[in-house]
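A short worksheet on the structure shown next.
Dropping the structure here:
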């Protein structure tokens, strides 16, 4: 059974909308690559000769503003390509754009819709559901985008919570510095999820359609235990451990709690995409280290509140983030860039093969 | 500037989800007609020979459950037609269905998405926006449905609030029993809105596509002042008048408040559709008197709370519906059917002309 852990909605101080700078920076860094990728690789010819609807989906869009910015970037790049290829000059010759903003059912779509850019040049729809399954009709999409969302697993591997398993993940909330078996359990779940993701997208993308994935990963040849996201969540882990020590959280609960995120290596990702068989890999490369600040209490809360509530209870939230905000490693260091050579971003561009 | 007055969201006691029996009954009465209309009039031939995506939009869907029930009815009827016409027996030969649930931005889409039927056989999207403007790409819809939503106007005609106008609507919240000019002001606004509606749908519906409208109307040859919806809102009007008498609401505010709803005659509607020119009228008929109970306080609140809050202030809501619930005309009579020969339902089926 898949689980749902959306970003925190609305625009309050703990919301994703107000706490998504890291994702914004990372996506912004990829903007030029995005434009070039579309310009070089989009086959206008495989679309109908008469301008028609060009459908874009952002999967795992959360609530903006990042998704609105990137959608504009995508539409700008596609429009440039149309102008160049079709030798048309008037915007009237462009296709109409329809943008599907998709995220889990529990995403705050009300807030997303209320904050849509007023001057947008596209038709809008919100699509609730998990990107690990089908969301759209066959061959109905021309461009799929997903940014810093695919590291979220559909579920926590069961063995992490099995005290009799070698993958029992005692005292940790992730697989960083964990035994080999823990990393393998995460890796196996990731493989299952990515296979489901590509299987669904293979059906939904029209022939010649492009898919651009921005994915947090780890360097070539490294083990999961050296995973790049561990330092990012280390303040959360140590704060939870402090709560156990202070008797505010039971050790059992702490031991059974694990974050459903995973960062693959390039090799893992390439194997999974090739196994699917529906896509030509156009680009699959590291776009360099992901420099990030350790998340503030608000930043961490925006991304993890729903999963923490579900597994540890509502009553944990306020004391947890109160304590977190006093953590000496992050207090007052919101602008301190964390230097982690294990944290790399992947820029993955694939094209749906022609039928 | 168009205004937004969604039904009350969520599933609380004052929600539309719990208080939409009248609309449910009316729509249920049209179910057999709906199935026959689709079966007789849907041209499978004008769709591509290979089964593809069949796109349905419910405009003014609110939050269900009515919309889910009617969407199932539509899909059943379309599927039957496919089976019959294509002589195919396996469901695999059917098109894939994609259903757009559309309502105002302020509609509770979070609740709508959370309550989607789990066993649905279609892809889902929510589309925020006013049906008085464009919502979908050109020729992208195959079937449009809207039930008991088109009587909502995009705005209140200005002259109703102009003390110097003959259409100044003192002491009333609707045009029932009002001077001729009041009804004319409502009628003119309705004409503008319906023209916008049909203009947008003419662009969005694919050639041969069907549109089914269920509309509250009034009998042939009657004046707006004899409008059928007035009795339905009479308890609200008299309760507001009581509040003025008791000093709980200023007379100015009461006089400047008007409900943005209008019921056309068949002639009005036919003229407006024919003026558009993009549609063949297949059916335009009364489906008989709309028998309805006077709405309970909760029922009235579900449909009018947002507009009342906006125009009369948040503080009015609790005392208003507290007083409303004590109204002798409706107290304890939730099951009393109101007999109003002025209240008729229209069943309107039109087909987008071929290009």
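Chains as they are written, first to last, in this note's numbering: chain L, 875 to 1229; chain U, 875 to 1229. C-beta: ideal position from N, C-alpha, C; glycine also. Here the structure is a predicted model, which is why all the values come from computation and not from measurement.
With respect to chain U, the C-beta atom of residue 991(L) has no partner C-beta closer than 7 angstroms.
Excluding residues up to 5 positions away in sequence, 1057 lie with their Cβ nearer than 7 angstroms to the Cβ of residue 1097(L) in the same chain. The C-beta of residue 1031(L) comes no closer than 7 angstroms to any C-beta of chain U. Contact residues of the stretch 972–1006 of chain U toward chain L are 972, 974, 979, 982, 983, 984, 987, 988, 997, 998, 999, 1000, 1001, 1002 (C-beta to C-beta distance below 7 angstroms). Comparing alpha-carbon positions, the option among 973(L), 989(L), 911(L), 974(L) lying closest to residue 951(L) turns out to be 911(L). As computed with DSSP, residue 1000(U) is found in a beta bridge with 1000(L), 975(U). Of all residues in the stretch 920–952 of chain U, the ones placed with a Cβ closer than 7 angstroms to any Cβ belonging to chain L are 927, in chain order. Counted as a single uninterrupted DSSP element, the beta strand (DSSP E) harbouring residue 927(U) occupies residues 927–933. Judged by DSSP secondary structure, residue 1089(U) falls within the beta strand (DSSP E) whose first and last residues are 1079–1091.
Boundaries for residue 1049(U): no alpha helix (DSSP H) harbours it, and the DSSP string shows neither H nor E there. The Cβ atoms of residue 1221(U) and residue 1159(U) lie closer than 7 angstroms to each other. At a beta-carbon threshold of 9 angstroms, none of the residues of chain L lie near residue 1071(U); the nearest stands roughly 16 angstroms away. Per DSSP, the unbroken beta strand (DSSP E) holding residue 1019(U) starts and ends at 1015–1021.
Note on geometry: alpha-carbon atoms of residue 990(U) and residue 942(U) lie some 7 angstroms from one another. The beta carbon of residue 1014(U) sits closer than 7 angstroms to some beta carbon of chain L.
Per DSSP, reduced to three states, the secondary structure at residue 1177(L) is helical.
Judged by DSSP in its simplified three-state form, residue 1154(U) adopts strand.
Interface annotation, residue 1010(L): in contact with chain U, CB-CB separation under 7 angstroms. Residue contact with chain L for residue 970(U): present (Cβ-Cβ distance below 7 angstroms to some residue of chain L). The C-beta separation of residue 1031(L) from residue 1040(L) comes to about 12 angstroms, leaving the pair out of contact by the 8 angstroms criterion.
Contact between residue 1134(U) and residue 1029(U) holds, with the beta-carbon distance rounding to 6 angstroms and staying under 8 angstroms. DSSP, reduced to helix, strand and coil, places residue 1034(L) within a helical segment of the structure shown. Taking a 10 Å sphere around the C-beta of residue 1094(L), we find fewer than 16 other C-beta atoms and assign the residue as exposed. DSSP, read as helix, strand or coil, puts residue 1225(L) in strand.
The C-alpha of residue 1187(U) lies about 17 angstroms from the C-alpha of residue 1174(U). By the Cβ-count criterion, residue 932(U) is buried, with 16 or more other Cβ atoms from all chains shown falling within 10 Å of its own Cβ. For residue 1105(U), the enclosing alpha helix (DSSP H) starts and ends at 1103–1119. Judged by DSSP in its simplified three-state form, residue 1012(U) adopts coil rather than helix or strand. Residue 1140(L) carries a helical assignment under DSSP once its states are collapsed to helix, strand and coil. Here DSSP, grouped into helix, strand and coil, assigns residue 1042(L) to coil. Around the beta-carbon of residue 1154(U), fewer than 16 other beta-carbon atoms lie within 10 Å, marking it exposed. Relative to the Cα of residue 1082(L), the nearest Cα in the group 909(L), 907(L), 914(L) belongs to 914(L). Per DSSP, reduced to three states, the secondary structure at residue 1070(U) is helical.
Here DSSP, grouped into helix, strand and coil, assigns residue 1219(L) to strand.
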